[in-house]
Amino acid sequence: MLTRGLGRGNTHRAIYLGRLECSHGEAEAVQNRTALFSMSIEIDDKLTIEQVHEACSSYSSDTSGLMLSSHLFTESLWNMHFRNGLVDSDFLLIAARHFDNEAFREGRNIITQGVFNVKANVRTDNFMTGRLILGYIFQTLQDFYSHSNWVELGNTAPYKVLIEPDQPLENLAGPIMPTCRNCNGDNCDDNLVSNVLLLKRLTSGYFSPFSSEKPRGKCSHGGDFDLTSLRDPVGGINKEHVKSRHGSLHFQAANLAVNATMQLLEDIRLAGGDKNFLRLMGLSHSSALCFVIDTTRSMGAEINEARRVTFELIDRRNGTLLEPPAYILVPFNDPDVGPPLITTDADTFKEGLNELTPNGGGDNPEMSLSGLQLALTTAPSSTEIFVFTDASAKDVHLKSTITALIESTKSVVTFLLTETLSSRRKRVVTQEGAQLYRDLARASGGQTIEVSKRDLPMVTNVIQDSTDSATVTVFQEMSSQPETFSFTLDSSLRNIIISITGKSSLTFILTSSTGVSQNSGESSGSLASSTSTGNLRQLRLNDINETGLWEISIDSNDHYSFKVTGQSPVNFIYYHVEESEAPVADFFLKEARPLTGGNATIFVTATGSDSVNVTEVTLYDSSGPTAVNGILQSLGTTGFLVTFNEIPAGDFVVRLRGGGGDSSSQSTPSMFQRQAPTRIRTSNIAVIAQVNITNIEPGSTISIPFTVTIMTGGVPDETANGTFTMRAINNRNFISSSPVSVTIEADSGGKANDTVTLTAPANVTLGTDVTLTIVAENEDETDLNFAVLRFSVGAEVDDITRPVCRVVRKFANCPADLSRCGSSQWMWVAQVTDGVDGTGIDSIVIREGTGMLRTRTLVGEGGEIITEASYQASCCEDRVELSVLDNVGNVALCMGRVSDVLPPMCQKVRTSTCPSSSSPCNSSQWVFVVNVSDSINGVGVDNVTIRAGNGTLNTTTVVRPGGENITVASYQASCCEDRVHLSAMDKAGNEVICIGQAIRESTTVAPLTTTTNIFTGNGGHAFRTSHCLWINLVSLALWR
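Letter 505 of the sequence shown, counting from 1, is numbered 505 in full-length UniProt numbering, and no numbers are missing.
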């Protein structure tokens, strides 16, 4: 990636993929076969996230009638993007994170161990954490191409060894080898020493903003903040943007960085499978579904209703685009809470609900907030959480913690409270208890619905409505006095619902944009049909398509809430960010409350249409009322930076207005209004916690230093003092220690430092995600702030070798006349092993082919476990591709084709000359270049390796005008060794040996000779850009 520059110089690259296929793993009923829905799409500088989302959503053969939203997909991409940027803010001076200081082995280890960690997270369904780790390692992988001299060495293909831990890193410049000379003034085009270029030695620049020290003769990164570039050799070699020292190579570096990231994602897709890969990339049209259920003795009716509505929802959405990406169930009793059930399998979730049994709970208050806290720390961000209870909260001390978790996760909490309206029952939610639930629902953008147990089935439709795809909030507010509210309805909205909660005495008048009115006494009027159950009134607008400004006048002096929702692809996402100019000019994610009286910046991006234009972003607090208008700075097609100056103390919502300029468009309304569900509260406290690790090993303890600062007007108040209650919460209930409180003394500059520790159990599953929230609250419990850190449980993976696939036999009785292929079969048999010291084969699945696969286990002569895979198919389909996965995520492809029995072909391009044999040889090099092809009808060249010889080999792939792929193999060696044998193998296991010999000055040119040896091989690891999810990566890589 590309900060310290490359991304900003290369926003929206132009790449063309002639044919793109979107894949979606179908149900197990079709035995893991992949359905491919092909489409053509040109990836150029106009490509947008909306086009990618639409293309990838076409994996469903029937999307008619569905309102689909790119909101979750866009949010997933930006979550990766911001983690990508954190490598520059949190790990700026760790050389290996950027391939600075020639830290190639350490940098490669960060990438490969990170990939193993991502695969472990995918296996445990922790897709969000997997995304965040991807963001971190994307930065490191992409930095290689802008920080090293890979491009300057003439390479036109990614250095795949960086994602292949079982392959050696070769041709590295030694620690004392000079690599650079002084630039010629501002011109650094020729500052690499000739030996580096001649010997193809890999180097990178040294970087430090604090010291000019670097090894003698070594290159610098370069740039205004790199002090090493001021010491001989002065200058630098980075290509981060077009104005960098080697900026003329910026776009070549960017192309390689994107292609390398595509290769990395292909490896992850092969390991995780298509369905899990889509989940990892966030291609979902529904948020996770989470139920928090009171299981005490009186809750039998509520548990039954939760089962009913959930089973209906699951049966309706299972296997469709609207299937939730995850299901979470959190039961709570007294005193027991949990354990949570987290699953991606609908049947498992049903079983969990069926196992709930009401029992216990002798007193009235229950542990409802403990259950909600567990849900908020367990569920992915932006989850719809539904809490069922008939009692007040016993653990009211958790309110501030719950509030902090709601703000950090942006999850929406809706409470379904039963019997709150009855005073004759022993178990009731008191009015004080109901107000606590209302406060939390308000903070999250949810609702508090109060009904009798008998009437509960009449309001659970809110679960369906809230979790429908593309549900947006147009307007939401609470009050306790008569008020008139205005809101804008636009042409993209449908299924518009107005929800009002309040006393039965509440009345209202709804007025449309054309002046037509309907009052609360009309259950079916000209504008809407309405229902009333308990404290909930719902108005479902008729299909009258009256866009523009609507009004509702509500008459009540008791507490009430008002919410307008609908289905629309047009929505927005926002993040609290912090801008930085030095040493990295960028904006970075800030997961905390903004500071009272200070300036705040949020990043806003609209979703749902490429032509949406944001015109106004406002922070609104109805208690004042107070409205703070933001100053918009366009970032092009990606979004806006919105700056708010001197934000007063308050409890704000983010409101956005905009339009598309086309009043006739359903997807791009001329004017629209949206509101973010989660409220933003300002604070006079700052909590900063930062560590330079993202993983925690099983059985280990990490220390997280933090600082609490008293702020006034957005800056530290150096004369202030006070005591703050501290809490450290993690989602996995890992052992954690934190101070009970911290005290800021009068002479401490307004700050206090301390440490939180976190210990992972020795038996915890690799890939487990851990979110740590550190909360500081003032003594009178009126103000708090927090810091959020995320980790993944990971350990160093020793098994870095991919499985080996050896084709042992092939039987074919296929007719020459393809019209008769249906009556004939062919069989292909391969043996797969992970070696004696490997972790073992986890799975073998068909990636391409519709035949039948059978496996059996054998024991090899050396004691290794061998899995024999037999594939049988009709002669109408003559190709098979198997994906072989071991138990830590190493993946290999095993390929076969009934018609490909011929080896690749070698064609000599060039052989260079060496001095006569009597001359000194160690000062001269020779080069041997061959073109290797498998013909248009072959399965393709898999690899070219050195069979005999000690030189270096580089390969690139080119496409001839007829569509034939050519692998260009370039071998370079000392003239002391003048002969080489290159092994070229195709993906069916056919091999050819290409023999080259240096031309001595006193001899004639020797003809190229080849030795053909047809035998079975490992099937190779060819890269195919065949899934549109790769565009996620194009979008991601280019933003930076």
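Ideal Cβ placement from N, Cα and C applies to all residues, glycine included. In this text, all values refer to a predicted model and were calculated from it rather than measured experimentally.
Just so you know, the alpha carbons of residue 619 and residue 711 end up roughly 21 Å apart. The beta carbons of residue 717 and residue 679 sit no closer together than 8 Å.
Across the structure, residue 411 and residue 86 are spaced so that their CA atoms are roughly 23 Å apart.
In chain order, 574, 653 and 654 place their CB closer than 7 Å to the CB of residue 676, counting only its own chain and leaving out the 5 sequence neighbours on each side.
In this structure, residue 441 sits near residue 415, with a CB-CB distance shorter than 8 Å. Residue 467 sits in a helix when the DSSP states are folded into three classes.
If you look at residue 828, you'll find it in the beta strand (DSSP E) that goes 825-833. Pairing residue 336 with residue 417, the inter-Cα distance amounts to about 20 Å.
In this structure residue 205 is buried. Its beta-carbon is surrounded by 16 or more other beta-carbon atoms within 10 angstroms. With respect to residue 868, residue 856 sits close: the two C-beta atoms are nearer than 8 Å. Inclusion of residue 702 and residue 696 in the CB contact set at 8 Å is warranted, their separation being smaller than that value. With contact defined as three or more Cβ pairs closer than 8 Å, the stretch 121-136 and the stretch 211-230 are not in contact.
Look at the beta carbons and you see the stretch 758-769 not touching the stretch 97-115: under three pairs across the two are nearer than 8 Å.
Straight across, the Cα-Cα distance linking residue 927 with residue 972 is about 5 Å.
Looking at the backbone, the Cα of residue 542 and that of residue 492 are separated by about 15 Å. The DSSP-derived three-state label of residue 183 is coil. Counting the other Cβ atoms within 10 Å of the Cβ of residue 80 gives 16 or more, which makes it buried. DSSP places residue 402 inside the alpha helix (DSSP H), whose first and last residues are 399-409. In this structure, residue 553 lies away from residue 488, with their beta-carbon atoms at least 8 Å apart.
Note on the stretch 154-241: there is no whole beta strand (DSSP E) run with a minimum of 3 residues. With a threshold of 16 other beta carbon atoms within 10 Å, residue 631 falls short and is exposed. Minimum Cα-Cα distance from residue 694 among the listed residues 323, 70, 83 and 505 corresponds to 83.
For residue 941, the closest C-alpha among the options 978, 983 and 647 is that of 983.
Comparing alpha carbon positions, the residue from 874, 169 and 77 closest to residue 104 is 169. With a contact defined as Cβ atoms closer than 8 Å, residue 891 and residue 271 qualify at about 5 Å. Between residue 576 and residue 605, the alpha-carbon positions lie close to 12 Å from each other. With contacts defined by Cβ atoms closer than 8 Å, residue 386 and residue 463 form a contacting pair. Counted as a single uninterrupted DSSP element, the beta strand (DSSP E) harbouring residue 883 occupies residues 879-886. Cβ-Cβ distances below 8 Å link residue 560 to 478, 479, 480, 500, 501, 502, 503, 506 and 554 in the same chain, with the five nearest sequence neighbours on each side left out; the list follows chain order. For the pair of segments examined, the stretch 149-157 was found to touch the stretch 248-255: the number of CB pairs separated by less than 8 Å reaches three. In its chain, beyond the 5 residues on either side, 862, 863 and 864 have a beta carbon closer than 8 Å to the beta carbon of residue 836. Taking residue 102 as reference, the option from 202, 396 and 622 with the minimal CA-CA separation is 202. Cβ neighbours of residue 610 within its own chain (closer than 7 Å, five residues either side excluded): 48 and 50.
In this structure, residue 878 lies away from residue 799, with their beta-carbon atoms at least 8 Å apart. By a beta-carbon distance limit of 8 Å, residue 672 does not contact residue 641. Their separation comes to about 21 Å. Counting other Cβ atoms within 10 Å of its Cβ, residue 375 reaches 16 or more and is therefore classed as buried.
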